[in-house]
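Trainee:
In our numbering, the protein residues as written are 211 to 425.
1. To the nearest angstrom, report how far apart residue 265 and residue 238 are at their CA atoms.
2. Take residue 317 as the anchor and find which of 290, 333 and 335 has the nearest alpha-carbon.
3. Grab me the residues of residue 219's own chain with a C-beta within less than 6 Å of its C-beta, minus the 5 sequence neighbours each way, in chain order.
4. From this set, 333, 334 and 293, which residue's C-alpha is nearest residue 314's C-alpha?
5. Can you tell me the Cα-Cα spacing of residue 382 and residue 357, whole angstroms?
6. Can you tell which of 335, 399 and 396 has its C-alpha closest to the C-alpha of residue 416?
7. Select from 299, 229 and 257 the residue whose C-alpha is nearest the C-alpha of residue 288.
8. Can you name, in chain order, every residue of its own chain whose Cβ lies under 7 Å from the Cβ of residue 346, other than the five neighbours on each side?
9. How should residue 392 be labelled, buried or exposed, when 16 other C-beta atoms within 10 angstroms of its C-beta is the threshold for buried?
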């Protein structure tokens, strides 16, 4: 979540190239073919036809004009339109009910993206959906005891890692500090689901596997 899938990323760059051709940045010949011969309305050139169809679809769906030179300097309107289209598809897609409850909209992340941010987000999402990198996930660790890898002598559950294990007290304190600042209760649910708490929870889960991915 929070990033454009590859097909949408390619579509975004294709649209920007279409706009460049439309306004003559790629030469007068292509501009004339578009404005005089309307090649974007025929099947003589698949790229221009499909690009124009998708632009038309986005403009109808979002109400935003996309064939404008402005998106060549600032593509935020184009990105917003793509995320709106993704959100509409995401809400109608059958299957990931739990993940969709956590993230009802497919939107761009506003946080600074660190080196392990995407992996950290995946770890937290897995824990929220019942498929975590903790030892109680027997599908992943069927040949390893389910006790805490830090030697606590108890089962390595989400509750234990987030609320009890002394080896993650520093990360837990940062989560608690954020919860206090935004005036919410520190719980497993808030740690896994609250958008302002998630960055610190990601850091904690990355710490779980930090020592050479020790299991």
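Glycine included, C-beta positions come from ideal geometry on N, C-alpha and C.
Mentor: So, to answer that:
1. 22 Å
2. 290
3. none
4. Closest by alpha carbon: 293.
5. 20 Å
6. 335
7. 229
8. Same-chain partners within the cutoff: 356, 365, 366 and 367.
9. exposed
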